[in-house]
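In our numbering, the protein residues as written are 192 to 500.
Glycine included, each C-beta is placed from N, C-alpha and C at the ideal position.
Quantities reported herein were computed from a predicted structural model and do not represent experimental measurements.
Below is one structure, written out as C-alpha cells; the observations come after it.
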C-alpha cells in the first residue's frame, strides 16, 4: 500500500493563467526591496517560486562539493542516521531527490523511501533522475501537514536543507514525531553560518551587504536567527513535539572559486541571488569579482534526533 497518497491539485480556471515563477519572484523582490520582511507566507511563496524556477539547484551546486573528513551532503547524514536494509524512510522536501536516492540505496529492495515536496517541478525532476529499480515513490506534499501519512509509518525521516524553509517549525516537528514509529530517527542538515571562518565571514559580509542595500526585507526571519537548533524557538519546537535531545555534527564544504565564473556558477543559484533584481545581481557580481580567487568553506550542521520509545 502506498504510505503517502497523492496531494490533490486544483486546476487553474480557464483564461486565468497562473503567474510564472519569475513573475512571482519579481513581485516578491519589489516587496522586500521596500523593506517588507521575507517571513511567513511571503517566504513560502519565495521558496516555492525559486524551486519551480531551478528545481535541481541544491543537488547540482552543493551536493557535488567536497567536504572535510570525506563528508557528502546526502550520503553522510544517512550513514549517521543510521539506516539499514528493509527500513521505510520519508524524505521531507526532497527536491530533485538526491537524499531520497541515497536512502534507497541503503534500505534496498526490501525497504521503501518516499520523497515528498510541495513543488511539482521538484517532484518531476526527482522522478526523472531516479532509476526505476530503486524502491522510491515521489509525491507532492506539505511537511507541515502530512495528514495523508498514517501515524507511526516510518523508521526514519530525512530533511536535507529544508527545515529552515518551513514557515512553522513546531508544526513540522510535530508531524515528524507523528509519522515516526517509536524509536524512529530524524536526520537533517541545516546551514550554520554562525560557524564561518573569520575570512569567510568577511567574504559573506560583503555579499550580505549587497542584500542589505538592495533587498533589506530579506534580512529577516531565518536570516536574523541563530543557526538551528541553537535558537530558543527551535529548541522549544523539538522539546514540545516530544523528540529526544538533538545531536549535532558540524561539517564544511569547500567552494573553490578561481575567478568570477566559478563564483557565479554557485552564487547565481542561491537564494541570495534570487532575492536581488538585475541591478542587485550585477552589484553582487562586482563584489564577488573583487574578492577572487577565494575558497569559501561553507558550514553545514547535521542534526540527529529520535522519537523515544
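The Cβ-Cβ distance between residue 327 and residue 304 falls below 9 Å. In this model, residue 395 and residue 458 are separated by some 11 Å (Cα to Cα).
Residue 437 carries a coil assignment under DSSP once its states are collapsed to helix, strand and coil. Residue environment analysis places residue 480 among the exposed positions, since fewer than 16 neighbouring C-beta atoms fall within 10 angstroms of its C-beta. Linking residue 496 to residue 477 through their CA atoms gives a straight-line distance of about 42 Å.
Bridge pairing for residue 329: 306 [DSSP]. A Cβ-Cβ contact shorter than 9 Å links residue 298 with residue 279. The three-state secondary structure of residue 382, taken from DSSP, is strand. Across the structure, residue 249 and residue 296 are spaced so that their CA atoms are roughly 20 Å apart. Selection 211, 404, 470 and 418 evaluated against residue 439 yields 418 as nearest (Cα-Cα). Burial is judged here by how many other beta carbons sit within 10 angstroms of a residue's own beta carbon; residue 483 has fewer than 16 and is exposed. Contact between residue 312 and residue 277 does not hold, since the beta-carbon distance rounds to 32 Å and is not under 8 Å. Listed as beta-bridge partners of residue 285 by DSSP are no residues whatsoever.
Runs of alpha helix (DSSP H) with 4 or more residues, each lying fully within the stretch 445-485, are found at 451-458, 462-465 and 469-481, listed in chain order. For residue 361, there is no enclosing beta strand (DSSP E); the enclosing alpha helix (DSSP H) covers residues 360-370. Looking at 286, 212 and 376, the one whose alpha-carbon comes closest to that of residue 275 is 376. Nearest to residue 491 by C-alpha distance, out of 475, 420 and 465, is 420. 413 is the residue among 437, 422, 473 and 413 whose C-alpha sits nearest the C-alpha of residue 229. The three-state secondary structure of residue 488, taken from DSSP, is strand. For residue 234, the enclosing alpha helix (DSSP H) has its first and last residue at 231-244.
Taking a cut-off of 8 Å for Cβ pairs, the stretch 258-269 and the stretch 328-346 do not touch, as fewer than three such pairs fall below it.
The Cβ atoms of residue 404 and residue 488 lie no closer than 9 Å to each other. Following the DSSP letters along the chain, one finds residue 349 inside the beta strand (DSSP E) bounded by residues 345-351. If you compare the alpha carbons of 411, 290, 235 and 380 with that of residue 251, the shortest gap goes to 290. Assigned with DSSP and collapsed to three states, residue 335 falls in coil, not helix or strand.
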